[in-house]
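Respectively, the protein sequence lines represent chains A and B.
Positions in the first sequence are counted from 1; adding 1 to them yields the working numbering.
Positions in the second sequence are counted from 1; adding 1 to them yields the working numbering.
Ideal placement from N, C-alpha and C gives every residue a C-beta, glycine not left out.
There are 2 protein chains.
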Amino acid sequence: MRNNLVSVLPVLLILTISGALSSAQKMRSGPEDAIRAADQHWARVFAAKDLENSVAFCAENASVLAPNAPIATGKQAIGQLFSGFFALPSLTIEWHPTKVEVARSGELGYSTGVYQMSFKDSSGKLVTDRGKYVTVWKKQADGSWRVALDIFNSDLPATAAS
Amino acid sequence: MRNNLVSVLPVLLILTISGALSSAQKMRSGPEDAIRAADQHWARVFAAKDLENSVAFCAENASVLAPNAPIATGKQAIGQLFSGFFALPSLTIEWHPTKVEVARSGELGYSTGVYQMSFKDSSGKLVTDRGKYVTVWKKQADGSWRVALDIFNSDLPATAAS
């Protein structure tokens, strides 16, 4: 019995240590996970063309820096910009973060990743685009993460888009 | 004399308090000033087409997300991207931050602002562009700020660029 206990002890110790490490890692990666979840929640409401919830992800005085358009600052301007997107015929859009990083102080971070979208142009031709983005996130007083800045651009040659 | 001192005391107190507040403000805005200075130093070496120093502003594993191009990650890929820019005939470029923000922990921040550039296309015609950018900065072990991510896009309609 004692022999059995001695042989089992290192295993228990390893399990305990790995459990503690896993908890520590979870604690450390908490804000990154929260931003990743917010990023993907935002992507879902955007893909669903849900204007109210898409704008609600933006902080007061947030700016969206879309290509081939002036900067949209504040919820009203962002709402107008998003409305223009959602009006594109047959719009489909998705994006996925490839990297998320949060400051040690836990109130400022960013997500960066890739997007794919398609829509029909005025002649009914399907236009597809893919590119990349950076979103700066700020933690709000209520603990939620909101977009402070969002900017993206296409991977495709300029001529392909026109 | 005593009356004079009494009448002067509130003034001295106000000067002392405002001096302390100003110092506190300076301390708080220190990292923002450092990022703003790094942003503008980077703009100067870039405008001078100084490839080595332009790349040196980027952290290891930094990514530059240029429009109409794939993501360039790492100093070699970024060097190739910048070389392509610097090879544009008669290139002039400048950018200026309009906002800088740093996390409370002081190691992660961003600058965002506007750029203007011009160059001659293959037919010798002057092409001008203006747009906006977001740069994510990370403080290095030596105290310097280096670019972790840089992304920009044009304000002009897509057709104007082609």
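- Between the C-alpha atoms of His42 of chain B and Leu92 of chain B there is a straight-line separation of about 18 Å.
- Around Ala70 of chain B, the same chain offers Leu82 as residues with beta carbons nearer than 8 Å, after the five sequence neighbours per side are excluded.
- For Ser155 of chain A, the enclosing beta strand (DSSP E) begins and ends at Trp146 to Ser155.
- The shortest C-alpha to C-alpha distance from Gly144 of chain A to any of A:Thr129, A:Gly132 and A:Leu109 is the one to A:Leu109.
- For the C-beta of Ser106 of chain B, the chain A residues within less than 9 Å are, from N- to C-terminus, Ala104, Arg105, Ser106, Gly107, Glu108 and Leu109.
- One finds nothing in chain B with a Cβ atom closer than 7 Å to the Cβ of Leu127 of chain A; even the nearest lies about 17 Å away.
- Rounded to whole angstroms, Ser55 of chain A and Glu33 of chain A show a C-alpha spacing of 21 Å.
- For the 8 Å CB-CB criterion, Ser84 of chain A and Thr74 of chain A do not form a contact.
- Apart from the 5 residues on each side of it in sequence, Met118 of chain B sits with its Cβ closer than 8 Å to the Cβ of Leu92, Thr93, Ile94, Glu95, Thr129, Asp130 and Arg131 in its chain, given in chain order.
- The C-alpha of Ala57 of chain B is placed about 11 Å away from the C-alpha of Trp146 of chain B.
- For Asn54 of chain A, the uninterrupted alpha helix (DSSP H) segment begins and ends at Leu52 to Ala57.
- The three-state reading of DSSP puts Ser84 of chain B in helix, counting H, G and I together.
- For Thr113 of chain A, the nearest beta carbon of chain B is closer than 8 Å to its own beta carbon.
- The Cβ atoms of Lys133 of chain B and Val115 of chain B sit closer than 8 Å to each other.
- Contact residues of the stretch 122-146 of chain A toward chain B are Lys133, Val135 and Val137 (C-beta to C-beta distance below 7 Å).
- Counting only residues of its own chain and dropping the five nearest sequence neighbours on each side, Pro68 of chain B has a CB closer than 6 Å to the CB of Asn154.
- Pro71 of chain B: not part of any beta strand (DSSP E); DSSP gives it neither H nor E.
- For the 8 Å CB-CB criterion, Leu66 of chain A and Leu150 of chain A form a contact.
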